[in-house]
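One structure is given here, and the rest of the page talks about it.
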Amino acid sequence: MRQGQNPAKFISHVARPQRVTVAVLSYVPFLAGFHRHSLEVLQACMESLWQHTVVEHDLLVFDNGSCQETVDYLRQAQAAGRIQFLLLSEKNLGKGGAWNVMLAAAPGEVIAYTDSDARFYPGWLSQSVQLLETFPRVGMVTGRPFRTPPELYQATVDWAQSDPEADVERGQFIPWPVFREFDLSLGQEESEIRQRFESTEDVRLTFRGRQAMAGASHYQFVAYKQVLQQFLPFEMDRPMGQVRDLDRRMDQAGYLRLMTVAPLMNNLSNTLKPIPQAGTIEPAERSLARRVLENRWIKRGLLKIYDTIFRAYFNR
């Protein structure tokens, strides 16, 4: 039999979530190999969010089965009041599985999602929300410009060409240093980056006094929760590699996919090592072993072997 009354009955007010939920997906399975510096990268991501997110928000972190060191760091941050919602998964659910949980659980009307290897700059959230609220039928806004496949933002171009209030420009509007910085962070070769820069173009849109680039990315975006819910659940049978499905489905549904014209965040990948300056020459005294390892074809082959071993242990 019940003894006494539940004290919660006498509470007259409860906390209400902020309109915006910043949602971070973390995954650091171990601190070796590819992930040797991943906890440091996660910490840099979190510190940049705490420092540069001035818009009122709640912070939600979904950890996708990380190592104990990472879980301890996140728990300490929550205990210090720096994380409002912390979801810890025992297993790696893959990105699609994590999205199914965190995008549904985020309490805000607007969700600002990011992978945990991004570093944010001042104004990233406010300027992204401005585009979200200015342009019509926006699906997602990414906080930096880079070149994405045109077939993934066809609906955006179609809208701009049909709306008399919209202005469409084509050309090379992303400065070379900004273009190079992002593509190098993805592990691409400088010669390939230069060739792509010179052979492709940007699509810049102007609408009601605000500019945006056509395109966006699943790795970082700001979106209305009610729009994202239309694409849940995500059915993915691999941890990664199928995440562009969100980009594709959103374009097919006729939603705009936009990017800010200025870089308000950057991809760190798996290291805090700075991007080398353009024209940097490798020291001539590099060892023969290092020169062999840096050979383009040998490097790709060894990384493929590493990827096969990684999948054998962790894609279960």
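Per our numbering, residue 14 is the first one in the sequence shown, and the count goes up by one each step.
Here a beta-carbon is modelled for each residue, glycine too, at the ideal position from N, C-alpha and C.
Inset, instruction - Using beta-carbon positions only, say whether Val274 and Pro158 come within less than 8 Å of one another. - result: yes
Legend entry - Phe192: first and last residue of the uninterrupted alpha helix (DSSP H) it sits in: Trp189 to Ser198
Inset, instruction - Using only alpha-carbon positions, find the residue among Val84, Val235, Thr34 and Cys80 that is nearest to Val45. - result: Residue identity differs from the one stated: residue 45 is Ala in this sequence, not Val. The option with the nearest alpha carbon to Ala45 is Cys80.
Legend entry - Whole-angstrom distance between Gly222 and Asp180, CA atom to CA atom: 10 Å
Legend entry - Cβ shell of Ser198 (< 6 Å), same chain only, five flanking positions each side left out: Asn280 and Ser282
Inset, instruction - Grab me the residues of Phe210's own chain with a C-beta within less than 7 Å of its C-beta, minus the 5 sequence neighbours each way, in chain order. - result: Trp189 and Phe192
Inset, instruction - Assign Leu218 to one of two classes, buried (16 or more other C-beta atoms within 10 Å of its C-beta) or exposed (fewer than that). - result: buried
Inset, instruction - Please specify which runs of the alpha helix (DSSP H), each continuous and at least 4 residues long, are wholly inside the stretch 129-173, giving them in chain order. - result: 137-147
Legend entry - Which of helix, strand or coil DSSP assigns to Pro296: For Pro296, the predicted structure reports a pLDDT of 47, less than 50, and the residue's modelled location is therefore unreliable. A value from the coordinates is still provided. Pro296 falls in the coil class under three-state DSSP.
Legend entry - Inter-residue Cα distance where the pair is Phe247 and Met14: 45 Å
Legend entry - Spatially closest choice to Pro76 from Asp128, Val240 and Arg183, by CA coordinates: Just to set this straight, residue 76 is Asp in the shown sequence, not Pro. For Asp76, the nearest C-alpha among the options comes from Asp128.
Inset, instruction - Taking Glu202 as the reference, give the member of Ile96, Ile288 and Leu52 with the closest Cα. - result: Ile288
Inset, instruction - Please confirm whether Ala229 and Val123 have their CB atoms less than 8 Å apart. - result: no
Legend entry - Phe186 in three-state terms, based on DSSP: coil
Legend entry - Closest Cα partner of Arg49 within the set Gln31, Asp264 and Thr83: Thr83
Legend entry - Which of helix, strand or coil DSSP assigns to Gln16: coil
Legend entry - Assigned exposure category for Lys104 - 16 Cβ within 10 Å defines buried: exposed
Legend entry - Cα-Cα separation, Arg261 to Arg270: 10 Å
Legend entry - Supposed contact pair Leu87 and Thr34 - C-beta distance, whole angstroms, cut 8 Å: No, Thr34 and Leu87 are not in contact; Cβ-Cβ is about 16 Å, not under 8 Å.
Inset, instruction - Would you mind working out which of Asn113, Trp63 and Met272 sits nearest Gly94, comparing C-alpha positions? - result: Trp63
Legend entry - C-alpha distance - Thr284 paired with Ala227, whole-angstrom precision: 29 Å
Legend entry - Neighbourhood of Asp196 by C-beta, 6 Å cutoff - its chain only, sequence neighbours within 5 removed: Ile206
Inset, instruction - Report yes if the C-beta distance between Ser39 and Phe133 is below 8 Å; otherwise report no. - result: no
Legend entry - Beta-carbon proximity list for Val11, same chain, < 6 Å, skipping 5 on both sides: Here the chain has residues from 14 to 329 only, and residue 11 is not among them.
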